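Structure first, commentary second.
Number of protein chains: 2
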Amino acid sequence: MKAKILRVNLTKKCWQEEKISLSKMAGGRYLTSYLISREVPPHTRPFSEQNKIILACGPLAGQGISSASRLSVGSKSPLTGGIKEANAGGTAGDALARLGWNAVILEGRSPEWVILVLEEQEVKFLPAERYLGLGNYKTAELLHQEWGKDYSLILIGPAGEKKLWASGVAVTDPCGRPSRMAARGGLGAVMGSKRVKGILLPYGQVSPSLREKRWSLIEAKKEFHHLILKSERIKILAKYGTAETLGLVNTLGALPTRNFRQGQFELAHLINGEALFNLIKERQGAGKHTEKCMAACLIRCSNVVPAPDGTEIVAPLEYETLGLMGANLGVSDLDSIARWNYYLNDLGLDTIEVGAALGVMAEAGLATFGQPLSFEKIILEIYKDGLLGRLAGMGASFCGLALGTERVPAIKGQAISAYDPRGVKGTGLTYLTSPMGADHTAGLTVFAPVDHHTKEGQKELSFRTQIIRAAYDALGLCVFLLSATGQHPDKVVNLLNACYDLELKPHYLEELGAEVISIEKAYNTAAGLPEVEELPEFMKEEPLDPYHLSWDIPPEELACFWENLKVGGRKP
Amino acid sequence: MKAKILRVNLTKKCWQEEKISLSKMAGGRYLTSYLISREVPPHTRPFSEQNKIILACGPLAGQGISSASRLSVGSKSPLTGGIKEANAGGTAGDALARLGWNAVILEGRSPEWVILVLEEQEVKFLPAERYLGLGNYKTAELLHQEWGKDYSLILIGPAGEKKLWASGVAVTDPCGRPSRMAARGGLGAVMGSKRVKGILLPYGQVSPSLREKRWSLIEAKKEFHHLILKSERIKILAKYGTAETLGLVNTLGALPTRNFRQGQFELAHLINGEALFNLIKERQGAGKHTEKCMAACLIRCSNVVPAPDGTEIVAPLEYETLGLMGANLGVSDLDSIARWNYYLNDLGLDTIEVGAALGVMAEAGLATFGQPLSFEKIILEIYKDGLLGRLAGMGASFCGLALGTERVPAIKGQAISAYDPRGVKGTGLTYLTSPMGADHTAGLTVFAPVDHHTKEGQKELSFRTQIIRAAYDALGLCVFLLSATGQHPDKVVNLLNACYDLELKPHYLEELGAEVISIEKAYNTAAGLPEVEELPEFMKEEPLDPYHLSWDIPPEELACFWENLKVGGRKP
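Just so you know, the sequences run in chain order Y and D. Going left to right, the first sequence walks through residues 0 to 571 as numbering that gives the first Met the number 0 numbers them. Going left to right, the second sequence walks through residues 0 to 571 as numbering that gives the first Met the number 0 numbers them.
So this is what it looks like as structure tokens:
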């Protein structure tokens, strides 16, 4: 395919349009990883002018297809030192597609802080001075006041401005909240290093693609949407949101509890999907147990958490946050967790990374497991740029170094998500082998109907999951679709065929996923990262109670993890 | 030459002797860098089991030659991420040579903490439990009590045990003080990561080499020593020690003052060579204004600083410490600086790195320039493993990240020594181009009779200085010899010829230096480090008062710095 790229040179404040040929019909993570590997030398320091930020939508964005408009953000990560992609829902993926860009490359470094406005035939560089230091919510409010609600926003908070390594990139949701985060890998800090506080994209004003009216696409969409609507798992997601996962992982004995010391949290029932659902139902007000994060979404796993008085605390509150800032800190108070989630969205920080960092701080005696106020104090310190706040914002590994704690749940410099590798072994393998580091989105296996405690079959499971997730990421598709469409690659490929007059076969998805991972692996190898990582020592030494689970995947099996990665396939 | 290597596998607690062929007659930094580049893959993480520590003496050690017995310690550095060598005086270089080893390789990681005893036909692995947490002075005292004063010790302090990145490797001096530090690059932390608390080498008991009685060597030594004795610069060193440099650098306007904010310290006269000399003279007691750091040394730039009651505060107190912990902190109290030097020796930390880190902390408001107690509090926190103490012990760059201060005087992750690059431009070039990072020992130009403020001729000066210093490091020679022997390479080569029946020509030194640097450069390139670094932003932006000196070396000149590095030459 030919991709249309908008290249924005921040140093010179100029921009140009480019067309590049790609061997795959894809966007999203394929495009971010392809462009980073082509344009950013592997040894580039993450905050140097030579690093770039790539924003890319998938090829199905902007067409009214459910859950197909995620925005990928790619760069070299300050946390992992390798290539990173993180994606988010919200409206920016659609907005980018409707502007006609497959990707935007931000390169160089602006001499002063700017806000970019990407319009159909123009890029504006506006002074950002008055927004500096403001949280994402206030910044979004001001920008929407000034420019109108019709703009989609891509923002960094005060944490990104300060280049805190746990900073993410926030995208506004259909209601204008800057709470959809491309959270992992510290990409917000890279955006901060470029002195870009935010990006505006016209959203509502732009007319939908003509392709939407094609008969073949209407048909393909119908079949695709039908699959989603009939999925039982998706019905559960629409009721309880991702919080529903907490019960499952707790039952498995793999819920990070008190800095990954236990796999079950005795107060899990106070923060699980049902508890959250009930809280929303009881309090009502602004609360919603189901909501879309993208304009077209039939999954609707998002939610709005209301305070006792009915006002909104945060939207959404998701499983990873409940895991890392709840069980992992011994905290069972949904109000606290929701409020912290709001603070971190506002600051522009990854709740996984900060949650893990707070666990490390409790390990070091700077906070107390189970005492919410001891953590809240540190979170509020991030606003004041206090030392402990900064450490939390730098992430778990940095915290461990600063505090001298080796009990740090991180791999490749990045905090482990809310699935203890000892209890969900396939996901553990993903953490150790994915070019993304300890990032569940790269290959979460917990929903597969297998015994997650045994080592048998986990390698194949993680391998397949990583490939298919990479393909979904490369198509801008939400991975929650997988429970509905995972067994029907033809329905996904049909969408591409209908949009672009292609004749792709279902195995295209595997080819695409393999290609994405091979690009990323090659980059990381050139950057000096090992192909396979090791678990933190403590996870190798301590069995995980209550099921006394040990990490028992033999190193030989890990070493040859990627040997069957086949890359190739025809050009679309 | 054939080098005799003792390989100690810490994981398996075994050892073996190896002989390797080298293309150069050298040891020291040549051997450490050669072995690291051959045995430690460039992308190895500094604290992984795959990293190694190499200890090497020069080929002239153990022969009673003045200032020729420095011990080189080599490894991959946690601070720079590249290859590092740091060397120290003391008795270990002679001890190693007399045991017949050119180098010791420490590889793997001991399952529990050990003390190694290297004897003539044996390596002992002793439990180190009872020494853990003890400072270098107490450890040395206990080990000397137990084993006798005749043992040379190579130790890490509590900082190295905790893997603080500013940790050095301490070597005992002829009086048994563990105060000769292979300080830079965090090599003590690597030794800590291997769980080696200390190494004992028999020293006094071993009879001197037979070569010492050779007529040709006696003659060559005589000529060499004669050069030293007649050098005016060395007479000054013997009177004032390295502290004498402070006056010179202050006059030049290049003395780091208050975190490199000024180049002159208004209270420099209270901490310069004369002030120190007078303090020692007045107080007498244990004080000595001149002392040897190695058994054979005619330079005797070391000293013993007495307290008002005549008891010893520290030995020695040197220029870099006076610069970084004095002027750089706005502190003019010799007693405080001497006491801090003792503490850092005891903890096993580099005074340059910690001094720079304390300056960064003052920059961030955690201490106050000119108020000694505000710094002493932080230094004492290192003993208690308090957070601020840990940050100081992690060095200037880590401190800057933790505190959010970008005014950090560091290059390649390592603190700049006590010569502001804006005021001593040749040394600035060394910082930016040396594989060792910001380390004056790699190529200090301040004693050259040139205008250090102009850019003219600095490139050639730094280049030549780096080459000759690399050669001296590779021969185990103290670089302070250079003022006496720098113009007489024949006298150095004569020593080698007399010892080893060779016919090396004087230009051998240049060949050797070039070879050392080219090995290190190739390693760093493979590890992903740039060949040429950049100054910290603030040094590019702020002119240095009082002489309003800017960094004006054009990037083009830097980019081609090493283009004339010629490597080759005949085998000895």
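C-beta: ideal position from N, C-alpha, C; glycine also. Source: prediction; values computed, not measured.
*May I ask which residues mark the beginning and end of the beta strand (DSSP E) holding residue 6 of chain D?*
Per DSSP, residue 6 of chain D belongs to the beta strand (DSSP E) from 1-8.
*Helix, strand or coil for residue 15 of chain D per DSSP?*
Secondary structure of residue 15 of chain D (DSSP, three-state): strand.
*So with Cβ pairs under 9 Å, would you call residue 41 of chain Y a contact of chain D?*
By the rule that beta-carbons nearer than 9 Å mark a contact, residue 41 of chain Y touches chain D.
_residue 524 of chain D to residue 36 of chain D span [Cα, whole Å]_ = Within the model, the alpha-carbon separation for residue 524 of chain D versus residue 36 of chain D is close to 11 Å.
*Kindly indicate which three-state DSSP category residue 571 of chain Y falls into: helix, strand or coil?*
For residue 571 of chain Y, the predicted structure reports a pLDDT of 40, less than 50, and the residue's modelled location is therefore unreliable. A value from the coordinates is still provided. Three-state result, residue 571 of chain Y: coil.
_residue 427 of chain Y (DSSP reduced to helix, strand or coil)_ = Helix.
*Does any CB atom of chain D fall closer than 9 Å to the CB of residue 389 of chain Y?*
Judged by the 9 Å Cβ criterion, residue 389 of chain Y is in contact with chain D.
*Cβ pair residue 181 of chain Y, residue 102 of chain Y closer than 9 Å*: The criterion of a C-beta distance shorter than 9 Å is not satisfied by residue 181 of chain Y and residue 102 of chain Y.
*Please say whether residue 66 of chain Y and residue 479 of chain Y have beta carbons closer to each other than 9 Å?*
Yes, these two residues count as a Cβ contact at 9 Å.
_Excluding the 5 residues flanking residue 568 of chain Y on each side, which residues of the same chain have their C-beta closer than 6 Å to its C-beta?_
The predicted model places residue 568 of chain Y with a pLDDT of 46, which falls under 50 and marks its position as unreliable, so this point remains unresolved.
*Nearest to residue 307 of chain Y by alpha carbon, out of Y/474, Y/43, Y/281, Y/164?*
It is Y/281.
_Contact the region 145-153 of chain Y vs the region 313-328 of chain Y: 3+ CB pairs below 8 Å_ = Verdict: no, contact absent.
*Segments of 3+ residues assigned as beta strand (DSSP E) that fall wholly inside the region 52-102 of chain D*: Whole beta strand (DSSP E) segments, 3+ residues: 52-56, 70-75, 82-87.
*Taking only runs of the alpha helix (DSSP H) that begin and end inside the region 215-257 of chain D, which ones reach a length of at least 4 residues, in chain order?*
DSSP runs (the alpha helix (DSSP H)) wholly in the region 215-257 of chain D: 231-239, 243-251.
*In chain D, what lies closer than 8 Å to residue 393 of chain Y by C-beta?*
Close to residue 393 of chain Y, with beta-carbon spacing below 8 Å, are these residues of chain D in chain order: 400, 401.
*Beta-carbon neighbours of residue 526 of chain Y, restricted to chain D and to distances below 7 Å*: By Cβ distance, chain D contributes 527.
_Using the three-state DSSP reduction, which class does residue 50 of chain Y fall into: helix, strand or coil?_
In the structure shown, the three-state DSSP call for residue 50 of chain Y is coil.
*From the DSSP output, read off the bridge partner residues of residue 544 of chain D.*
For residue 544 of chain D, which the question treats as bridged, DSSP gives the partners D/261.
_Cross-chain neighbours of residue 161 of chain Y in chain D, by beta carbon under 7 Å_ = Simply 403.
*Could you run through the region 351-384 of chain Y and flag, in chain order, every residue whose CB is less than 7 Å away from some CB of chain D?*
Listed by position along the chain: 384.
*Can you have a look at residue 14 of chain D and say buried or exposed, based on whether 16 or more other CB atoms are within 10 angstroms of its CB?*
Burial check for residue 14 of chain D: the Cβ neighbour count within 10 Å reaches 16 or more, so the residue is buried.
*Start and end residues, alpha helix (DSSP H) containing residue 200 of chain D*: Where residue 200 of chain D is concerned, there is no enclosing alpha helix (DSSP H), although the beta strand (DSSP E) around it starts and stops at 195-201.
*Between which two residues does the alpha helix (DSSP H) carrying residue 340 of chain Y extend?*
333-346 is the extent of the alpha helix (DSSP H) around residue 340 of chain Y.
*Rounded to whole angstroms, how far is the Cβ of residue 431 of chain D from the Cβ of residue 557 of chain D, which I believe are closer than 8 Å?*
With a Cβ gap of about 6 Å, residue 431 of chain D and residue 557 of chain D count as contacting.
*Report the residue ranges of all beta strand (DSSP E) runs contained in full by the region 123-153 of chain Y; include only those spanning at least 3 residues, in chain order.*
Runs of the beta strand (DSSP E) inside the region 123-153 of chain Y: none found.
*Which residues in the same chain have their Cβ closer than 7 Å to the Cβ of residue 323 of chain Y, if we skip the five residues on either side of it in sequence?*
The answer, listed in chain order, is 255, 350, 351, 354, 355, 417.
*Helix or strand or just coil, what does DSSP make of residue 531 of chain D?*
Reduced to three states, the DSSP call for residue 531 of chain D is coil.
*Of all Cβ atoms in chain D, is any one closer than 9 Å to the Cβ of residue 141 of chain Y?*
No, because no Cβ of chain D sits closer than 9 Å to the Cβ of residue 141 of chain Y.
*What residue range is occupied by the uninterrupted beta strand (DSSP E) comprising residue 493 of chain D?*
Where residue 493 of chain D is concerned, there is no enclosing beta strand (DSSP E), although the alpha helix (DSSP H) it sits in stretches over 488-499.
*Closer than 9 Å, CB to CB, is residue 431 of chain Y near chain D or not?*
Chain D, which has no Cβ nearer than 9 Å to the Cβ of residue 431 of chain Y, makes this no.
*Distance, Cα to Cα, residue 450 of chain Y vs residue 301 of chain Y?*
Going by the C-alpha atoms only, they are around 29 Å apart.
_So, for residue 215 of chain Y: in the same chain, excluding its five sequence neighbours on each side, which residues have a beta-carbon less than 6 Å away from its beta-carbon?_
497.
*Where does residue 243 of chain Y land, buried or exposed, given buried means 16+ other C-beta within 10 angstroms?*
It is buried - the Cβ of residue 243 of chain Y has at least 16 other Cβ atoms within 10 Å.
*asked:* Just to check my reading of the structure: residue 29 of chain Y and residue 252 of chain Y have Cβ atoms closer than 8 Å, yes? What is that Cβ distance to the nearest angstrom?
replied: So it is not a contact: roughly 36 Å between Cβ atoms.
*residue 31 of chain D: first and last residue of the uninterrupted beta strand (DSSP E) it sits in*: Per DSSP, residue 31 of chain D belongs to no beta strand (DSSP E); it is in the alpha helix (DSSP H), 27-38.
*In terms of residue numbering, what span does the beta strand (DSSP E) encompassing residue 189 of chain D cover?*
Here residue 189 of chain D belongs to no beta strand (DSSP E); instead the alpha helix (DSSP H) covers 186-192.
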